[in-house]
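Colleague:
Numbering (the numbering used here), first residue to last: 245 to 341.
#1: Considering residue 249, what are the terminal residues of the alpha helix (DSSP H) in which it resides?
#2: Return the CA-CA distance between residue 276 and residue 286, expressed in angstroms with no decimal places.
#3: Is it buried or exposed for residue 290, if we count other Cβ within 10 angstroms and need 16 for buried?
#4: By DSSP, does residue 300 sit in helix, in strand, or in coil?
#5: I'd like the list of long-range same chain contacts for residue 339, defined as Cβ closer than 7 Å, with 5 residues on each side in sequence excluded.
#6: Alpha carbons only, please: which of 271, 299 and 315 is nearest the one belonging to residue 253?
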């Protein structure tokens, strides 16, 4: 659970920090130095929007369903009391994080 929070925080900081730094540089540059970083700001704004897409993948790959399916695909043992060749049941992975 702590790992999931760390990865979510890392993607948040990676996506939003550049946008905020460039926005600050753009405002300071426009007010005091007659320079504009608007093109760079638009690129970092796209990066910050990417956070919405990346979060979905982070939470899916961290889900119990994905982990069980990956273990099944790799031929590893599944949950205790279940044969490795027995298919996954819905209760094995639904609503389990």
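Beta carbons: idealized from backbone N, C-alpha and C, even for Gly.
This structure is a prediction, so every number in the text was calculated from the model and none was measured.
Modeller: With the given structure in hand:
#1: 246 to 272
#2: 21 Å
#3: exposed
#4: helix
#5: With a pLDDT of only 46 at residue 339, under 50, the local geometry of the prediction cannot be trusted, and the value read off the model is given with reservation. No residues qualify anywhere along the chain.
#6: 299
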